[in-house]
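S.K.: Handing you a structure now.
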Amino acid sequence: LALDAAHEPARQALAGLRARAAEQRYTQRLSAGFGALAAGDHATAAREFRAALALRKDSTEARDGLQQAEFQSSQQRITALLASARRSAASERWADAKRDFDAALAIDAALGPALEGSRDATGRLALDEAFVALERSPDRLLDAATRERTGELIGRAAAIADPGPRLQTQLATARRLLAIYRAPLALRLRSDGQTEVSVLRVGSYGALTERTLELPPGDYVAVGRRSGYRDVRVEVRLRPGQAPAEVLVQCVEKV
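Residue numbers for the sequence shown follow our numbering, beginning at 187 and rising by one.
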């Protein structure tokens with residue numbers, strides 16, 4: 187063709203050689219794809235099948251091979267993710283377990299073991315985070331509603347059939363803290379016998395010289411009132427482990 191660009195036999199012969207070369211490349215790519223598929227090398231198989239499709243876009247064999255490679259690759263990935271998630275769950279690493287279960291669901295949203303595993307991991311992660319927060323900030327138990335919720339949390343955790351050592355330790359700590367913050371502490375009120383004494387949200391005790399109350403840990407306000415005198419307010423902090431609290435509530439400033 188370089189000598190005679192119009193030489194038709196040479197043109198046809200070159201076209202035939204090119205077709206045979208393309209067919210040979212296609213066959214080699216297809217064969218390499220199925221070989222890699224048989225060896226479990228799904229990434230290489232997918233690459234070879236895509237190369238075969240680039241050479242012959244209508245190839246059913248290459249398209250089917252690519253689908254097999256992608257399916258087997260996803261199944262292998264799911265198997266690895268489920269195994270990793272179960273190891274994390276056995277070690278009570280619930281954030282890691284949930285991450286891997288959810289990654290498996292991203293591949294197959296209807297995967298039963300991943301659905302169940304993600305649900306269980308979500309519940310256990312919430313328990314774990316709640317217990318960790320309680321250990322870091324036990325003074326949250328000064329609030330009565332928080333004490334009630336913590337009691338419910340302990341009940342849910344205690345109902346778990348196979349809690350694992352981490353949860354068992356957390357459960358024991360939560361029970362101990364709740365018992366401490368539920369135990370009443372002594373508050374001794376002193377006055378002059380003429381001042382009307384009350385403790386907000388607790389009760390009124392009239393004019394007194396001395397009275398001891400038993401109250402759960404918390405923050406309180408003692409109030410004194412006396413006709414002709416300015417009211418007084420005394421803030422009281424009751425904390426576990428402290429000595430018995432004593433406050434003087436006495437109106438002394440005339441108005």
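Each residue gets a CB set at the ideal place from its N, CA and C atoms; glycine is no exception. As the structure is a prediction and not an experimental result, all values here were calculated from the model.
Can you list, in chain order, the stretches of the beta strand (DSSP E) that have 3 or more residues and sit fully within the segment 191-256?
M.R.: None, since the segment 191-256 contains no complete beta strand (DSSP E) of that length.
S.K.: What is the C-beta distance between L373 and V422, in whole angstroms, given that I count them as a contact (C-beta under 8 Å)?
M.R.: Contact holds; Cβ gap of about 6 Å.
S.K.: Can you say whether E234 is buried or exposed, counting buried as having 16 or more other CB atoms within 10 angstroms of its CB?
M.R.: With 16 or more Cβ atoms within 10 Å of its Cβ, E234 is classed as buried.
S.K.: According to DSSP, simplified to helix, strand and coil, what is A289?
M.R.: Three-state DSSP puts A289 in a helix.
S.K.: Hey, R197 and L187 are a contact pair by Cβ (cut 8 Å); roughly how many whole angstroms apart?
M.R.: Right, their Cβ atoms sit about 6 Å apart.
S.K.: So with Cβ pairs under 8 Å, would you call D378 a contact of chain D?
M.R.: This model lacks chain D altogether, as it is built from one protein chain only.
S.K.: The beta strand (DSSP E) that contains A372, what's its start and end?
M.R.: L371 to R376 is the extent of the beta strand (DSSP E) around A372.
S.K.: Measure the C-alpha to C-alpha separation of I366 and D294 and round it to an integer number of angstroms.
M.R.: Near 48 Å, if we compare the C-alpha coordinates of D294 and I366.
S.K.: In angstroms, rounded to a whole number, what distance separates the CA positions of S304 and G251?
M.R.: Distance between the alpha carbons of S304 and G251 is about 32 Å.
S.K.: Mark R325 as exposed unless 16 or more other C-beta atoms lie within 10 angstroms of its C-beta, in which case mark it buried.
M.R.: Note on residue identity: the sequence assigns Asp, not Arg, to residue 325. With fewer than 16 Cβ atoms within 10 Å of its Cβ, D325 is classed as exposed.
S.K.: L291 and L327: beta carbons closer than 8 Å?
M.R.: No, these two residues do not count as a Cβ contact at 8 Å.
S.K.: Who pairs with V438 in a beta bridge, going by DSSP?
M.R.: Looking at the DSSP assignment, V438 forms no beta bridge with any residue, so it has no partner.
S.K.: Determine the DSSP secondary structure at G414, reduced to helix, strand or coil.
M.R.: Three-state DSSP puts G414 in coil, outside helix and strand.
S.K.: My guess is that V383 and G414 are in contact by the Cβ rule of under 8 Å, so how many angstroms apart are they, rounded?
M.R.: At roughly 17 Å, the Cβ-Cβ gap does not stay under 8 Å, so V383 and G414 are not in contact.
S.K.: CA-CA distance, A360 and T336?
M.R.: Near 8 Å, if we compare the C-alpha coordinates of T336 and A360.
S.K.: Hey, quick one: how far does the alpha helix (DSSP H) through A393 stretch, first residue to last?
M.R.: Run containing A393: none in the alpha helix (DSSP H); it sits in the beta strand (DSSP E), G389 to A393.
S.K.: Around the Cβ of T381, are there at least 16 other Cβ atoms within 10 angstroms (buried) or fewer (exposed)?
M.R.: Result: buried.
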